[in-house]
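**Q** A single structure is presented below for examination.
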Amino acid sequence: MDPHTTVSILPLVGWALHGGILARRLACARRDPLTGLHTRAGWTDRAHHLIRRHPHAAVLLVDLDRFKALNDTHGHAAGDAALVETADRLRAWCGRNGTAGRLGGDEFVAVVRDLAAADLGALTAALHRPLDYGGVSLPLAASVGVCAVADLSVPVLADALAAADAAMCAAKGRGRRGSRASR
Numbered sequence: 001m002d003p004h005t006t007v008s009i010l011p012l013v014g015w016a017l018h019g020g021i022l023a024r025r026l027a028c029a030r031r032d033p034l035t036g037l038h039t040r041a042g043w044t045d046r047a048h049h050l051i052r053r054h055p056h057a058a059v060l061l062v063d064l065d066r067f068k069a070l071n072d073t074h075g076h077a078a079g080d081a082a083l084v085e086t087a088d089r090l091r092a093w094c095g096r097n098g099t100a101g102r103l104g105g106d107e108f109v110a111v112v113r114d115l116a117a118a119d120l121g122a123l124t125a126a127l128h129r130p131l132d133y134g135g136v137s138l139p140l141a142a143s144v145g146v147c148a149v150a151d152l153s154v155p156v157l158a159d160a161l162a163a164a165d166a167a168m169c170a171a172k173g174r175g176r177r178g179s180r181a182s183r
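And the structure:
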């Protein structure tokens with residue numbers, strides 16, 4: 001190979017490597033390292049797409065109940081196990097009908113294509129099943145708020161999240177068990 005060709009190819013190889021590294025970093029930034037769910041940024045992109053394409057979509061907000069007590073009583077490793085298990089249960093419930101994400105701490109989010117096809121009772125039951133952690137049964141509970149996008153005057157994700165948050169707070173107020181749809 002001609003030395004001039006080698007010199008002109010080296011910057012291209014460098015830029016290709018740099019681009020690959022940046023692409024991997026971006027992909028990592030869009031996935032939560034603990035649960036593997038989408039982060040807020042990754043989930044938001046998908047949620048906007050689903051809401052635009054599916055008029056019967058719904059946005060859900062999920063918040064673990066008594067999570068601080070679980071962490072304080074059983075340790076942070078048990079808390080991490082509860083977060084991972086919650087993520088797995090939410091991901092399984094969404095299946096091919098939607099996508100789930102972790103907003104941070106013990107707060108999760110999901111969007112599903114068709115609320116009528118989503119079994120909210122099954123989600124609530126799954127999120128309230130105890131977790132076996134090292135031979136100890138850890139109680140899990142979550143409050144779920146739901147907003148059917150069709151109930152909004154304009155199908156905007158920010159409004160759907162606000163309505164789901166209000167519904168989740170109402171569910172927490174009802175005894176920290178179950179789910180509630182916005183009205």
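Take the sequence shown: its letter number 151 is residue 151 in the working numbering, and every next letter is one higher. All C-beta atoms in this analysis are idealised placements derived from N, C-alpha and C, irrespective of residue type, glycine included.
1. Is the separation between the beta-carbon of Leu64 and that of Ala142 shorter than 8 Å?
2. Can you tell which of Asp32, Asp119, Asp132 has its C-alpha closest to the C-alpha of Gly98?
3. Helix, strand or coil: how does DSSP classify Asp88 here?
4. Could you tell me the distance, in whole angstroms, from the CA atom of Ala148 to the CA atom of Leu37?
5. How big is the Cα-Cα spacing for Cys169 and Gly145?
6. Rounded to the nearest angstrom, how far is the Cβ of Phe108 from that of Leu90, given a contact under 8 Å?
7. Can you tell me the Cα-Cα spacing of Trp93 and Ala122, whole angstroms?
8. Considering only DSSP beta bridges, list what Arg102 is partnered with.
9. Do you know how far the Cα of Ala166 is from the Cα of Leu60?
10. Closer than 7 Å by C-beta to Asp80: which residues in its own chain qualify, once you throw out the five before and the five after it? Chain order, please.
11. Residues in the same chain with beta-carbon distance under 6 Å from Ala27, minus the five sequence neighbours each way, listed in chain order, please.
12. Which residues mark the beginning and the end of the beta strand (DSSP E) in which Asp132 is found?
13. For Ala162, which of helix, strand or coil comes out of DSSP?
14. Apart from the five residues just before and just after Arg30, which ones in its own chain have a Cβ nearer than 7 Å to its Cβ?
15. Hey, how far is the Cα of Ile21 from the Cα of Val156?
16. Round the Cβ separation of Leu131 and Leu138 to the nearest angstrom and send it over; I've been treating them as touching at under 8 Å.
17. For the candidate residues His56, Ala87, Val136, whose alpha-carbon lies nearest to that of Ala78?
18. Can you tell me whether DSSP reads Met168 as helix, strand or coil?
**A** Here's the rundown:
1. Counted from its first residue, the sequence shown places residue 64 at position 64. Counted from its first residue, the sequence shown places residue 142 at position 142. Taking 8 Å as the Cβ cut-off, Leu64 and Ala142 qualify as a contacting pair.
2. Within the sequence shown, the letter at position 98 stands for residue 98. When only C-alpha atoms are compared, the closest one is Asp119.
3. Reading the sequence shown from its first residue, position 88 is the one you call residue 88. Helix.
4. Here residue 148 is taken as the residue at index 148 of the sequence shown, counted from 1. Here residue 37 is taken as the residue at index 37 of the sequence shown, counted from 1. Going by the C-alpha atoms only, they are around 22 Å apart.
5. Taking the first residue of the sequence shown as position 1, residue 169 is located at position 169. Taking the first residue of the sequence shown as position 1, residue 145 is located at position 145. Whole-angstrom Cα-Cα distance: 7 Å.
6. The residue you call residue 108 lines up with position 108 of the sequence shown. The residue you call residue 90 lines up with position 90 of the sequence shown. Right, the Cβ-Cβ distance comes to about 6 Å (below 8 Å), so this counts as a contact.
7. Within the sequence shown, the letter at position 93 stands for residue 93. Within the sequence shown, the letter at position 122 stands for residue 122. Going from the Cα of Trp93 to the Cα of Ala122 covers about 8 Å.
8. As a position in the sequence shown, residue 102 is number 102, starting the count at 1. The partner list for Arg102 (beta bridge, DSSP) reads Phe108.
9. What you label residue 60 is simply residue 60 of the sequence shown in a count that begins at 1. What you label residue 166 is simply residue 166 of the sequence shown in a count that begins at 1. Spanning the two alpha carbons is a distance of roughly 11 Å.
10. Translated into the one-based positions of the sequence shown, residue 80 becomes position 80. Excluding positions up to five away in sequence, the list reads Leu34.
11. The sequence position of residue 27 within the sequence shown is 27, counting from 1. Any reading at Ala27 must be qualified, since the residue scores a pLDDT of 46, below 50, and its modelled position is unreliable; no value is offered.
12. In the sequence shown, counting from the first residue as 1, residue 132 sits at position 132. Note, Asp132: beta strand (DSSP E), 131–133.
13. Looking up residue 162 in the sequence shown gives position 162. Ala162 falls in the helix class under three-state DSSP.
14. For the purposes of this step, residue 30 is taken as the residue at position 30 of the sequence shown. Cβ within range, chain order: His38, Thr39, Ala41, Gly42.
15. To locate residue 21, count along the sequence shown from 1; it is residue 21. To locate residue 156, count along the sequence shown from 1; it is residue 156. Bear in mind that a pLDDT of 49 at Ile21, under 50, signals an unreliable position, so the model cannot answer this.
16. One-based indexing of the sequence shown puts residue 131 at position 131. One-based indexing of the sequence shown puts residue 138 at position 138. Yes, Leu131 and Leu138 are in contact; Cβ-Cβ is about 4 Å, under 8 Å.
17. Here residue 78 refers to the residue found at position 78 when the sequence shown is read from its first residue. Ala78 has its Cα closest to that of Val136, out of His56, Ala87, Val136.
18. As a position in the sequence shown, residue 168 is number 168, starting the count at 1. Three-state result, Met168: helix.
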